[in-house]
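Visitor: Below you'll find the structure I mean.
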Amino acid sequence: MGDPALSRRGFLAASAAAGLGMTTLSACGGDSDGGSSGTTTIEWWNISTTEPAKTVWAALARKFEAQNPKVKIKIVQMENDAYKSKMTALTASGKLPDIFHTWGGGVLKQQVDAGLVEDLTDRTKPWGDALLPVAKEPYLIDDRVYGIPFDIGMIGFWYNKALFAKAGISAPPTTWSGFLDAVRKLKSAGVTPLALAGKEKWPGMYYWAYLAMRTAGAEALEKAYDDKDFTGAPFVEAGEHLKELVGLQPFQKGFLGAAYSSPTGQAAAVGNGKAAMELMGQWAPVVQADAGKGLGKDLGFFPFPAVEGGKGALTEVFGGGGGHALRRGAPQEAVDFLKFFASEATDLELVKKTGTLPVVPAAESAIADPNIKAVQEQLKKATGFQLYLDQAYAPAVGQEVNDSVAALIAGSRSPEQVAQSITKTTKEEQ
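Just so you know, we're using the working numbering here: the sequence shown kicks off at 133 and counts up by one.
Written out as structure tokens, the structure is:
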């Protein structure tokens with residue numbers, strides 16, 4: 133299971149784009165009213181539950197309806213974890229929404245292998261060819277296209293410059309030992325160093341994944357999955373580094389029960405100045421401002437530090453983007469909506485209003501936020517890319533990574549046990 137192409141260096145070196153299209157079956161939406169009006173209703177599931185994206189996306193749906201009077205877009209929006217749970221159940225039932233959010237990778241491949249997802253390779257030429265190759269790679273399976281990206285980015289540290297200054301930290305750390313020193317300085321200054329949504333597990337996975345990349349190198353994560361063996365010394369070392377961080381008690385009070393985007397969660401803790409840092413994707417500033425007050429000019433970004441003696445480089449990045457896939461048999465109007473959403477006009481609106489990183493090259497000039505520009509520059513310099521582990525791997529393996537790392541952070545599992553349990557699940561699932 134899984135798509136071995138997802139984490140190869142070609143992810144960033146791709147120079148040509150594949151197109152997109154569709155086929156047939158039945159599922160959740162695409163209903164026609166059967167009357168004289170001939171209206172087709174398209175069900176669109178997404179995870180844009182925070183502002184301003186929630187309002188912007190709803191307005192885009194209305195704009196598409198205005199341009200296509202015989203089409204109605206029914207929007208279903210869910211928070212990240214609720215969405216994943218619901219989609220798991222729908223995948224098992226064999227029925228998916230007309231248009232649905234996807235991160236690509238092993239989860240999408242499972243849906244494709246079950247015959248539930250539309251092959252978009254032919255039906256989206258030539259407009260699909262105009263999208264950034266790096267953004268499209270997660271949705272390529274066996275050189276066929278099964279999703280259209282609307283975002284691309286990476287995980288990194290978002291930090292409060294004022295709190296760093298209060299702790300006497302003059303510049304973001306570039307090494308893991310320097311990062312731990314920064315955590316100690318923040319604690320000594322009475323500042324909570326890190327915010328973490330321990331309840332949701334996936335934010336904690338980011339730490340172990342990045343540490344594994346820094347100790348073993350980005351390509352080692354793909355090889356370990358293919359070899360069904362995560363017990364090598366670098367992966368255990370990644371857990372040891374994370375355990376050392378946890379031992380400093382860097383997270384906010386009650387972090388094990390904290391959600392990500394709630395008013396008392398991870399993003400709000402940083403956005404309200406209650407914690408100095410969070411390890412999160414390019415969407416972090418928007419969620420910080422929605423869940424809390426936002427930091428404005430005090431917000432900064434820096435890449436995950438290098439681990440001394442590790443094989444990974446600072447230019448190897450971890451992350452991904454968002455995309456849309458179609459259920460197999462979705463109506464032509466669903467393809468038309470994907471084309472609309474991937475247009476230059478829509479991408480410019482997303483970049484300007486929601487801080488999205490563009491997937492249409494012509495929209496790049498619209499980036500105004502200095503932190504989003506910093507993320508983009510890191511992506512441009514990247515020499516390797518690893519998709520989120522809970523999406524790159526088969527669903528059961530990705531879930532085990534999240535669960536095992538959460539247990540390590542909670543103190544109930546050792547670094548060796550994390551490596552062993554991920555290996556065990558990988559062997560069972562492949």
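C-beta: ideal position from N, C-alpha, C; glycine also.
Reducing DSSP to helix, strand and coil, say where V323 ends up.
Guide: Sequence index remark: in the sequence shown, residue 323 carries index 191 (1-based). In this structure, V323 counts as coil in the three-state DSSP scheme.
Visitor: Indicate whether G285 and Q414 have their beta-carbon atoms separated by less than 7 Å.
Guide: One-based indexing of the sequence shown puts residue 285 at position 153. One-based indexing of the sequence shown puts residue 414 at position 282. Going by C-beta atoms, G285 is nearer than 7 Å to Q414.
Visitor: Under the three-state reduction of DSSP, which class applies to R316: helix, strand or coil?
Guide: Stepping through the sequence shown from its first residue, residue 316 is reached at position 184. Reduced to three states, the DSSP call for R316 is helix.
Visitor: Measure from the alpha carbon of K268 to the alpha carbon of each residue in G300, P493, G543, N503, then state which is nearest.
Guide: Against the sequence shown, residue 268 aligns to sequence position 136. Closest option to K268, Cα to Cα, is P493.
Visitor: What three-state label does DSSP hand T173 in the structure shown?
Guide: Walking along the sequence shown from the start, residue 173 turns up at place 41. DSSP places T173 in strand when its eight states are reduced to three.
Visitor: DSSP three-state label for G397, please.
Guide: Taking the first residue of the sequence shown as position 1, residue 397 is located at position 265. Looking at G397 - three-state DSSP - the assignment turns out to be coil, as it is neither helix nor strand.
Visitor: For M133, name the three-state secondary structure that DSSP assigns.
Guide: Translated into the one-based positions of the sequence shown, residue 133 becomes position 1. Low confidence applies here, because M133 scores a pLDDT of 32, under 50, leaving its location unreliable; read the following figure in that light. M133: coil per DSSP, three-state reduction.
Visitor: Can you tell me whether L264 is helix, strand or coil according to DSSP?
Guide: Within the sequence shown, the letter at position 132 stands for residue 264. It is coil, neither helix nor strand.
Visitor: What's the gap between the Cα of V418 and the Cα of F296?
Guide: As a first step, residue 418 must be located in the sequence shown, where it is residue number 286. As a first step, residue 296 must be located in the sequence shown, where it is residue number 164. Straight-line Cα distance between these residues: approximately 21 Å.
Visitor: With distance defined between alpha-carbon atoms, name the residue in L519, A466, K425, Q508 nearest to K202.
Guide: On the sequence shown, residue 202 is found 70 positions in, with the first residue counted as 1. Selected option, being the one with the closest Cα: A466.
Visitor: Can V533 and M337 be called in contact, C-beta distance under 7 Å?
Guide: In the sequence shown, the residue the question calls residue 533 occupies position 401. In the sequence shown, the residue the question calls residue 337 occupies position 205. Yes. Within cutoff.
Visitor: DSSP beta-bridge partners for Q518?
Guide: Walking along the sequence shown from the start, residue 518 turns up at place 386. Answer is F450.
Visitor: R255 by DSSP, collapsed to three states: which one?
Guide: Counted from its first residue, the sequence shown places residue 255 at position 123. Coil.
Visitor: Would you tell me roughly how many angstroms separate the C-alpha atoms of E560 and A551, rounded to the nearest one?
Guide: Taking the first residue of the sequence shown as 1, we reach residue 560 at position 428. Taking the first residue of the sequence shown as 1, we reach residue 551 at position 419. C-alpha separation (whole angstroms): 15 Å.
Visitor: Determine the contact status of D230 and E183, defining contact as a CB-CB distance below 7 Å.
Guide: The residue labelled residue 230 in the question sits at position 98 within the sequence shown. The residue labelled residue 183 in the question sits at position 51 within the sequence shown. Not in contact: D230 and E183 (Cβ atoms no closer than 7 Å).
Visitor: Exposed or buried, what is Q398 when buried is set at 16 or more other beta-carbons lying within 10 Å of its beta-carbon?
Guide: Start at 1 with the first residue of the sequence shown, and residue 398 comes out as number 266. Buried, since its Cβ has 16 or more Cβ neighbours within 10 Å.
Visitor: Where are the alpha helix (DSSP H) runs, 4 residues long or more, that stay fully inside the stretch 349-381, in chain order?
Guide: Runs found: 350-359, 365-379.
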